[in-house]
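Residue numbers (the working numbering): 4 to 280. In this text, a Cβ means the ideal position worked out from N, Cα and C, and glycines have one as well. Computed from a predicted model, the values in this text were never measured in an experiment.
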Ligand SMILES: [Zn+2]
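Dropping the structure here:
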């Protein structure tokens, strides 16, 4: 029933949540709009009503992501899982336990996510640090969690997506190198162009055409949250195909730019094949 897509169109950061949102229906909307590949990021544990007290408690969160990724593949989409621990979990956990234990729980959760990467069920880890101001001990603990994620990723040769404070997160480049990781495989979610990491730009970012013309490597994302209680909290699941195809139609992006953004760069960053179905 669908016309075969002529271009790969990849959403680098989307959530699909059958419990709090519309789940697989969002993937169908993405596909109908011309989307072909998506990187589905695990949701924070609280969105499943889980209050973790050890790493194992993250397993149901990861299994929920892996299951919706399988459903998306059944639709003919190229779907990949990114598993990890949302950096804001530190603040919730710290309300229930000492900060060093909170950091340990998150590190254990990341180690569990890395097992799924090792098995080939997930392609990358998700980590980061609070995007809002926190006390120095919370910051230090968050940095330790992020370092753990970078070490795990170096060990498994996988990418890491980070959610952090807005701005460049410039020090993470050095942290990645110290951990033995190529900073070009550290993806800054909701990026600004000043980052030395691999930017993933929100689809509506106004500098996308200009940066693409300059040959910059980056990916695009919707950051669609799939939560009915927060409709339009960011933008919808169709945003990456819509902006991309609009830019292509009006000449703001060339076909070569499109292939670089949606196939060449994400293939290289995540080590996956992005081919037309
Ligand atoms: Zn997100």
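For residue 270, the enclosing alpha helix (DSSP H) starts and ends at 268-273.
Near ligand 1, meaning a beta-carbon closer than 6 Å to one of its heavy atoms, we find 16, 18, 44, 226.
For residue 202, the enclosing beta strand (DSSP E) stretches over residues 201-205.
Secondary structure of residue 169 (DSSP, three-state): coil. Inter-residue distance for residue 202 and residue 68 is about 23 Å (C-alpha atoms, whole angstroms). Secondary-structure assignment with DSSP links residue 223 through a beta bridge to 204.
Taken atom to atom, the span from the alpha-carbon of residue 26 to that of residue 243 is near 17 Å. One thing to note: residue 117 has its Cβ no nearer than 8 Å to the Cβ of residue 144. A contact is defined here as three or more CB-CB pairs under 8 Å, and the stretch 33-52 meets this definition with respect to the stretch 122-134. Taken in chain order, the unbroken stretches of alpha helix (DSSP H) that lie wholly in the stretch 89-129 and span 4 residues or more are 92-97, 102-121. Nearest to residue 35 by alpha-carbon distance, out of 185, 241, 64, 70, is 241. Classified as exposed, residue 77 has fewer than 16 neighbouring CB atoms from the shown chains inside 10 Å of its CB. As computed with DSSP, residue 84 is found in a beta bridge with 43.
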